[in-house]
């Protein structure tokens, strides 16, 4: 931990200097969205100031430059998750759009009435609702693997739910509401044994650990840029090339075509087949800058630093009387979801906000998880690589003080 | 430590949160309406006993944050004995106060509901305070048996 360049990292994030209600900002809502380093902000300013034009269209210098930067970012994403080819990297608006894309293209062409889609009980709404919509359209059935009171997938039950009718396994890599990191290697191996494709929702996992899609051997991996220190409104759908080739396009329009006549249209090659319309060019370039920034620090270093931070916070939180942690999985990312005896999470949120501490209070777009733990909502402190033990102390002191005031 | 919050979390609010008034099921209620705030999960059931257009008794059940619990607790106290029109008038004054539409607080009209005026500085919490009143509004209009803030 001594070698982790925390001061340098904190200095790179201008928003961390902000005062909130006259107190230094303690930003612990990273699972909702992360803050951006100056390098990412600069990359966007530079793009619009010096290198902006539409991509893949013009022969003029600026368009060529913008295209180079845009495609350069795709290359960076490919390397970051170790995909085989940039053809497998499709830019979308975020993890939500990626899952909807897969449901509407892969799903509609491969999943029929009576077929099953298997998810877990800890999914974000974005990995539930698109499948419910597909099931309503096709007559397929959504199966949900249960979790235990620690917030872990009950793997034996999950395995039993893989049947001859399962056409897709779609599982969250790391839960946003609980912090649980799923045993994705085992899950993928079990699905592969029956030739079932696997989609991993990596929205939460991607900023906290190194992800290697070839080593995982998952078929789809989706994530959002805004949780990876990159701009909002941009995300990635990774898919194995053979699967993507076989899938019909998602939206029609410019850039996704090779030849259009009024009689017929020939679609463009991968990945452009899935990128209709002008993309979010500067934000993609910003995503590339965020990846450069993370590579400089090293994802394994970030994971180690955050593990220590989470451990520190967990030990401290458990000493608070009346605090109940929601989600105590063995394998866990840097998320601390909790409830306090007789104090509603929204009151916790407002009280901590008055101390400059930003946490999330609510159902975290995972209402079934709230139902399972029989709580209307939780308070959630979620950490990023720029958070410190001192900030954890501010949080813990804040919680203790508000318990006192509520009496 | 929480000096900034004194306007929002007044002692009366803590008191009503700890010991909510009229917090029980009313078996012989004439009106029963559920209110729900899907954003935060606040849920309440409001029971009214009527005599013509007069509210003779009010009670509630449910769970929510301190603001919403205090608001519904205070409301059940204040609407007892009021006519539907008087209760609706109070709702509109309360709404104006909590959304900051009227800067002046008419203490005479609003009475102890004034302790909830602090929410106007916290836009994210206005719905916590108004859920009770939207539920009452639905009960008076007798339009439906459940309402939602969204």
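Protein chains in written order, with our numbering: chain A, 128 to 534; chain B, 217 to 366.
Note that beta-carbon positions come from the ideal geometry of N, C-alpha and C, so glycine has one too.
Who are the near neighbours of residue i in its chain, counting only those whose CB is closer than 7 angstroms to its CB and skipping five residues on each side?
i	result
residue 183 (chain A)	194, 382
residue 220 (chain B)	none
residue 323 (chain B)	330
residue 355 (chain B)	247, 249, 262, 264
residue 315 (chain A)	325, 343, 344, 345
residue 351 (chain A)	221, 222, 330, 362
residue 237 (chain B)	289, 292, 293
So which residues on chain A does residue i lean against when the C-beta distance must stay under 7 angstroms?
i	result
residue 220 (chain B)	148, 481
residue 217 (chain B)	528
With a threshold of 8 angstroms between beta-carbons, can residue i be considered close to chain B, or not?
i	result
residue 528 (chain A)	yes
residue 533 (chain A)	yes
residue 300 (chain A)	no
residue 478 (chain A)	yes
residue 471 (chain A)	yes
residue 474 (chain A)	yes
residue 128 (chain A)	With a pLDDT of 46 at residue 128 (chain A), under the threshold of 50, the modelled position of that residue is not reliable, and the figure given next carries that caveat. Taking Cβ atoms only, chain B never reaches closer than 8 angstroms to residue 128 (chain A), which makes this a no.
residue 504 (chain A)	yes
residue 497 (chain A)	yes
Looking only at its chain, what residues have a beta carbon closer than 8 angstroms to the beta carbon of residue i, apart from the 5 residues adjacent to it on each side?
i	result
residue 331 (chain B)	226, 228, 229, 286, 290
residue 317 (chain B)	311
residue 180 (chain A)	187, 189, 190, 192, 193
residue 445 (chain A)	452
By Cβ distance below 6 angstroms, which residues in the same chain neighbour residue i in space, the five residues on each side in sequence not counted?
i	result
residue 268 (chain A)	243
residue 511 (chain A)	157, 161
residue 401 (chain A)	217, 377
residue 234 (chain A)	261
residue 284 (chain B)	258, 344, 347
residue 280 (chain B)	258
residue 303 (chain A)	158, 251, 331, 491
residue 341 (chain A)	209
residue 273 (chain B)	265
residue 460 (chain A)	301, 306, 308, 335
residue 174 (chain A)	409, 412
Mapping the DSSP letters down to three states, classify residue i as helix, strand or coil.
i	result
residue 253 (chain B)	strand
residue 463 (chain A)	strand
residue 284 (chain B)	helix
residue 241 (chain B)	coil
residue 339 (chain B)	helix
residue 349 (chain A)	strand
residue 151 (chain A)	strand
residue 506 (chain A)	strand
residue 532 (chain A)	helix
residue 276 (chain A)	coil
residue 261 (chain B)	strand
residue 293 (chain A)	strand
residue 289 (chain B)	helix
residue 313 (chain B)	helix
residue 278 (chain B)	strand
residue 248 (chain B)	strand
residue 515 (chain A)	coil
residue 306 (chain A)	coil
If we cut at 8 angstroms on Cβ distances, does residue i have a partner in chain A?
i	result
residue 291 (chain B)	no
residue 279 (chain B)	yes
residue 341 (chain B)	yes
residue 345 (chain B)	no
residue 197 (chain B)	With chain B covering 217 to 366 only, the question about residue 197 (chain B) has no answer from this structure.
residue 230 (chain B)	yes
Quick one: list the residues of chain B neighbouring residue i, beta-carbon separation under 7 angstroms, in chain order.
i	result
residue 489 (chain A)	255, 256
Who are the neighbours of residue i on chain B, taking C-beta pairs under 9 angstroms?
i	result
residue 508 (chain A)	What residue 508 (chain A) touches in chain B: nothing, since even the nearest Cβ is about 17 angstroms away.
Output, in chain order, the set of chain A residues within a Cβ distance shorter than 9 angstroms of residue i.
i	result
residue 251 (chain B)	Going along chain A, no residue has its Cβ under 9 angstroms from residue 251 (chain B), so there is no contact; the nearest lies around 13 angstroms.
Cβ closer than 8 angstroms: which chain A residues qualify as neighbours of residue i?
i	result
residue 224 (chain B)	477
Please give me, in chain order, every unbroken run of the beta strand (DSSP E) with length at least 3 that falls completely inside the segment 376 to 457 of chain A. Taking only runs of at least 3 residues, the beta strand (DSSP E) segments lying wholly in the segment 376 to 457 of chain A are 384 to 387, 392 to 394, 450 to 452.
In chain order, what are the residue ranges of uninterrupted beta strand (DSSP E) at least 3 long that sit wholly in the segment 172 to 260 of chain A? Here the runs fully enclosed are 216 to 219, 243 to 247.
Which complete alpha helix (DSSP H) runs does the segment 309 to 337 of chain A hold, if anything under 4 residues is left out? Taken in chain order, the complete alpha helix (DSSP H) segments of 4 residues or longer contained in the segment 309 to 337 of chain A are 311 to 319.
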